[in-house]
Amino acid sequence: MKKNFLLILLFTAVLFTACRPETIIDETELPAKEAKRLIILSEGSLNHNNASLAMYDFTAQKLDNKFFETANNRGLGDTANDMIKYGSKIYVVVNVSSTVEIVDAKTGKSLKQIPMKTADNKAKQPRNAAAYGGKVYVTSFDDTVTRIDTTSLAIDGSVQVGRDPEGICIKNNKIYVANSGGLDYSTGNFDYTVSVIDLHSFKEEKKIEVGKNPYQVFADSQGDIYVSTRDIYNSSDWTKIDVPASFKKINVSTGKVETIATISPNKFTIVNDKAYVLVNNYTKTIIAVYDCLNEKVVTNNLLSDDTEIAMPYSIAVDAFNEDVFVMDAIGDGSYGNIVCYDKNGKYKYKIKGVGLYPNNALFLD
48 MKKNFLLILL FTAVLFTACR PETIIDETEL PAKEAKRLII LSEGSLNHNN
98 ASLAMYDFTA QKLDNKFFET ANNRGLGDTA NDMIKYGSKI YVVVNVSSTV
148 EIVDAKTGKS LKQIPMKTAD NKAKQPRNAA AYGGKVYVTS FDDTVTRIDT
198 TSLAIDGSVQ VGRDPEGICI KNNKIYVANS GGLDYSTGNF DYTVSVIDLH
248 SFKEEKKIEV GKNPYQVFAD SQGDIYVSTR DIYNSSDWTK IDVPASFKKI
298 NVSTGKVETI ATISPNKFTI VNDKAYVLVN NYTKTIIAVY DCLNEKVVTN
348 NLLSDDTEIA MPYSIAVDAF NEDVFVMDAI GDGSYGNIVC YDKNGKYKYK
398 IKGVGLYPNN ALFLD
């Protein structure tokens with residue numbers, strides 16, 4: 048009898064342990080480490096199949112601008128639009144080729160190339176990606192978000208959103224997607240919403256109106272969502288802007304959408320609860336910094352050195368030391384550069400010849 052009682056206690060303890068929910072810390076929530084390498088994505092020229100992935104070694108101060116090509120004996124594809132690191136892999140979104148390239152972060156070797164096709168075998172035209180909880184989520188111009196399992200490296204779900212979705216971010220079990228309607232630019236019929244998707248059910252809950260032509264979307268640590276909208280040009284005269292770009296904040300607690308009036312974004316990113324905004328300006332490079340938690344502009348231009356940048360194209364910030372990297376596309380058909388500034392905006396160095404139209408960078412330890 049005593050033996051049976053002990054067996055029952057043991058079974059109960061095992062059952063309780065098995066049923067107890069496990070606390071999962073996703074790698075997207077871990078603190079930043081000092082970077083040893085910089086991975087640089089260049090989108091290449093449209094319809095020329097010359098997108099590339101480069102690697103810069105911070106210690107050796109050496110650039111390999113054929114990092115992917117050398118490892119795989121082939122190119123990356125046509126018009127690479129975005130990349131993210133999740134686990135030991137890099138997920139590269141190649142828009143015109145309509146693929147997601149899954150790459151070993153250390154070696155640059157392709158692990159799998161996922162064709163992004165509709166049910167009737169048309170190109171989905173993937174745009175941007177975000178990851179959480181063992182899944183990667185990819186927006187595409189067929190008005191969907193596709194879910195990829197990071198263990199099987201296979202598509203396991205899709206959800207309909209607004210028109211021509213662009214940026215995507217994940218916070219507090221919600222997926223936020225900027226619906227641009229950008230393919231209807233000639234008629235001016237832009238979308239103006241951000242879709243909110245429940246992470247677990249993978250169903251769209253609602254749409255939030257933020258203004259026409261939303262583009263990028265990022266979250267701060269307290270769950271508020273920041274959205275950039277792009278310039279809307281006059282369809283009869285492309286030198287005129289009918290609606291200028293804007294910088295918005297979705298206050299998740301109140302549901303209200305607020306405009307941060309002093310900032311006109313080109314590209315932006317949020318690092319350590321600060322929004323670093325590459326400002327629309329055709330005469331000089333300006334980076335505004337906005338404190339997300341204190342809700343105020345820290346500076347209207349971080350850069351203290353007037354370094355020559357021909358065509359500021361994108362921005363990345365190292366979360367460990369807050370160095371700021373501006374991608375210079377140059378714009379004359381030659382390989383672009385990356386210009387690095389310290390956290391106070393002082394020029395540090397330039398990485399030359401990274402690729403055609405560099406648009407993203409990842410900091411790897």
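Here this note's numbering is used: the sequence shown runs in plain steps of one and ends on residue 412.
All C-beta atoms, glycine included, are put in the ideal place defined by N, C-alpha and C.
query = Per DSSP, what kind of secondary structure is F367 in: helix, strand or coil?
reply = coil
inquiry  = What does the alpha-carbon distance come out to for the pair A127 and K331?
reply    = If you take the alpha carbons of A127 and K331, they lie about 26 Å apart.
request  = Return yes when the Cβ of K259 is within less than 8 Å of the Cβ of T286, no when it is not.
outcome  = In this structure, K259 does not lie closer than 8 Å to T286 by Cβ.
message = Quick check: the Cα distance between V401 and I217, rounded to an integer number of angstroms?
response = 30 Å
ask   = Are the stretch 193-204 and the stretch 224-231 touching, with three or more C-beta to C-beta distances below 8 Å?
value = With contact defined as three or more Cβ pairs closer than 8 Å, the stretch 193-204 and the stretch 224-231 are not in contact.
query = Cα-Cα, which of A79, G180, D289, K83 is closest to D412?
reply = K83
ask   = Counting only runs that start and end within the stretch 238-300, where is the beta strand (DSSP E) found for 3 or more residues in a row?
value = The stretch 238-300 contains these whole beta strand (DSSP E) runs: 240-245, 250-256, 261-266, 272-276, 288-290, 293-297.
key: Simplified DSSP state of N319, which is helix, strand or coil   = coil
Among F410, G181, A176, the one whose alpha carbon lies nearest that of N368 = F410
key: For A98 and D129, the rounded distance between their alpha carbons   = 11 Å
inquiry  = Within a Cβ cutoff of 6 Å, which residues of the same chain sit near A266, ignoring the five residues on either side of it in sequence?
reply    = Excluding residues within five positions, the ones whose Cβ falls inside 6 Å are C216, K218, I272.
request  = Could you check the C-alpha separation between I161 and T186 for me, to the nearest Å?
outcome  = Going by the C-alpha atoms only, they are around 14 Å apart.
key: Rounded C-alpha distance that separates K136 from D284   = 44 Å
key: Same chain, Cβ closer than 8 Å to L200, five either side skipped, listed in chain order   = Within the same chain, L200 has close Cβ partners I149, L158, K159, I161.
task = Taking only the alpha-carbon atoms, compute the straight-line gap between Y360 and N406 and give it to the nearest angstrom.
result = 6 Å
query = Do V318 and V264 have their C-beta atoms within less than 8 Å of each other?
reply = Contact: no.
query = Below 8 Å between beta carbons: does that hold for A176 and Y232?
reply = no
key: Expected contact under 8 Å - CB spacing of L325 and Q269 to nearest Å   = Going by Cβ atoms, the distance from L325 to Q269 rounds to 24 Å, so no, they are not a contact pair.
ask   = What number of angstroms, rounded off, separates the C-alpha of A375 from the C-alpha of E342?
value = It should be pointed out that residue 375 corresponds to Asp in this sequence rather than to Ala. Cα to Cα, the separation comes out at about 29 Å.
ask   = How long is the line joining the alpha carbons of N327 and V336, rounded to whole angstroms?
value = 14 Å
key: Counterpart residues of G402 in DSSP-defined beta bridges   = G402 has G383 as its beta-bridge partners, per DSSP.
query = Anyone know if the C-beta pair for D189 and V208 falls short of 8 Å?
reply = no
Cβ shell of Q172 (< 8 Å), same chain only, five flanking positions each side left out = N142, V143, S145, M163, S187, F188, D189
query = For T306, which of helix, strand or coil comes out of DSSP?
reply = For T306, the secondary structure class from DSSP, reduced to helix, strand or coil, is strand.
message = Our contact map puts I307 next to V241 with C-beta atoms below 8 Å; I'd like the distance itself, whole angstroms only.
response = Not a contact, Cβ separation roughly 16 Å.
ask   = Is it the case that the CB of V192 approaches a heavy atom of the ligand MN more closely than 7 Å?
value = No copy of the ligand MN occurs in the structure displayed, which carries no ligand at all.
Reduced DSSP category for F114 - H, G, I as helix; E, B as strand; rest coil = helix
task = For N313, count neighbouring Cβ atoms within 10 angstroms of its own Cβ and tell me buried if that reaches 16, exposed if not.
result = Around the beta-carbon of N313, 16 or more other beta-carbon atoms lie within 10 Å, marking it buried.
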